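Following: one structure in structure tokens, then a few remarks.
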Ligand SMILES: Cc1ncc(COP(=O)(O)O)c(C=O)c1O
């Protein structure tokens with residue numbers, strides 16, 4: 393596969409790439425930022441005459457995401473539109489798809505309802521079992537870390553083994569972001585993002601992205617988007633790129649706070665289990681230490697039962713009780729309340745850590761846990 397050359401990606405650190413990439417030409421009189429181009433039509437003849445085929449707004453955010461992942465990016469109107477486009481291009485015609493047991497339920501539902509696609513769910517932390525399940529020329533769909541059990545897959549070992557089988561390795565890297573993990577550098581063929589989450593970072597838009605170094609696949613994705621029409625609008629592109637500028641500082645702060653919260657939750661008597669690869673006791677710790685730069689800002693923890701977890705979600709005042717993840721605000725929900733998450737432990741709360749001060753977050757969380765577990769007649773006092 394040809395490696396795409398991106399000037400801003402060269403020797404720069406991701407923090408710098410996030411700031412430098414996807415800008416108008418560095419010439420006098422040019423704006424520093426790509427302004428949103430509110431135009432469905434340009435006067436002919438012109439490149440990008442009609443906005444459904446792409447234009448200046450999409451190109452700018454694509455350059456930034458492509459530079460961060462070191463590939464060619466194609467953006468879509470949501471993460472699920474990105475997943476759908478991958479299914480219609482890279483996945484189509486392949487004999488089967490292997491996916492994580494606890495991958496994002498929307499992707500799972502899409503795969504399971506895609507006519508003619510044979511799917512199998514495996515524990516992707518088990519490299520041998522995953523490769524054994526993968527048919528020759530099939531699709532290895534990874535999510536790492538997964539949502540909501542925060543399972544870590546060994547992307548390099550799995551991608552190498554998939555390549556040896558003539559299969560395609562696709563990684564939904566939404567939870568990690570290119571600050572913490574770059575799957576294409578680890579041998580994966582395709583990266584998928586819900587840009588809605590940490591990449592854009594402010595819970596104010598929907599967007600998806602697919603990144604690959606396979607230029608013919610990138611063209612097929614653009615063709616699919618042009619025909620199916622799932623292109624993001626100019627304001628969303630502008631806002632997403634504006635969010636990406638601060639991706640590194642947001643992720644570094646959120647990851648540091650996630651580590652502190654995971655450690656304190658693990659020491660809390662009312663918490664039965666914490667899923668976070670930054671904990672040395674976590675089954676994903678060794679692989680994550682190798683393949684990630686930081687452990688992400690998503691964690692989950694298990695309380696006694698659904699009622700206790702619901703009481704904690706109702707009891708927090710600073711932490712937002714909401715679905716989704718990746719905003720500057722810390723949010724959490726009892727995951728089992730969502731349709732399609734029936735296999736998730738009933739008392740599991742998934743938390744997306746934001747950028748507030750960690751002590752304020754802990755005060756709020758510990759108070760809600762203590763109150764809920766005292767109400768349930770058990771638990772103890774947080775430290
Ligand atoms: C890991 C993951 N992938 C994909 C998606 C879908 O993204 P969107 O909601 O932007 O369509 C989500 C949404 O929660 C997600 O968590």
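Numbering (the numbering used here), first residue to last: 393 to 775.
Glycine is no exception: its CB is placed at the ideal position from the N, C-alpha and C atoms.
The model shown is predicted, which means the values in this text are computed figures rather than measured ones.
- According to the DSSP assignment, residue 458 belongs to the alpha helix (DSSP H) that extends over 448-461.
- Between the beta-carbon of residue 567 and that of residue 580 there is about 15 Å, and that puts the pair past the 8 Å contact cut.
- Look at residue 657 here: in three-state DSSP terms it is helix.
- The residue from 498, 488, 508, 507 with its alpha-carbon nearest to that of residue 523 is 488.
- In this chain, the beta strand (DSSP E) harbouring residue 531 covers 531-535.
- The way I'd put it, the region 630-646 doesn't touch the region 507-520; fewer than three beta-carbon pairs between them come closer than 8 Å.
- By DSSP's assignment, residue 742 forms a beta bridge with 692, 725.
- The region 661-669 makes no contact with the region 624-636, as fewer than three CB pairs between them are under 8 Å.
- With a contact defined as Cβ atoms closer than 8 Å, residue 764 and residue 704 qualify at about 5 Å.
- Excluding five sequence positions before and after residue 527, the CB atoms of its chain that fall closer than 7 Å to its own CB belong to 487, 488, given in chain order.
- Inclusion of residue 519 and residue 534 in the CB contact set at 8 Å is not warranted, their separation being larger than that value.
- Between the alpha carbons of residue 750 and residue 589 lies a gap of roughly 20 Å.
- Restricting attention to 584, 502, 540, 752, the CA atom closest to the CA of residue 729 is found in 540.
- Residue 430 sits in coil when the DSSP states are folded into three classes, being neither helix nor strand.
- Distance from the C-beta of residue 496 to the nearest heavy atom of ligand 1 is below 7 Å.
- Residue burial is scored here from C-beta neighbours: residue 591 has at least 16 other C-beta atoms within 10 angstroms and is therefore classed as buried.
- Straight-line measurement puts the Cα of residue 408 at about 18 Å from the Cα of residue 684.
- Between the C-alpha atoms of residue 644 and residue 593 there is a straight-line separation of about 13 Å.
- Within the same chain, 449, 626, 627, 630 come within 6 Å of residue 428 by CB-CB distance, once the 5 residues on both sides are set aside.
- Check the Cα spacing between residue 746 and each of 494, 688, 584, 468: the tightest is with 688.
- Taking each of 496, 582, 607, 532 in turn and checking the Cα distance to residue 742, the smallest one comes out for 496.
- Counting of Cβ neighbours within 10 angstroms places residue 433 among the exposed residues, the total staying below 16.
- The DSSP-derived three-state label of residue 623 is coil.
- Between the alpha carbons of residue 736 and residue 698 lies a distance of about 11 Å.
- Between the alpha carbons of residue 584 and residue 766 lies a gap of roughly 42 Å.
- Spatial neighbours of residue 501 in its own chain (CB-CB distance under 8 Å, excluding positions within 5 residues in sequence) are listed in chain order as 732.
- By the Cβ neighbour-count rule, residue 436 is exposed, with fewer than 16 other Cβ atoms within 10 Å of its own.
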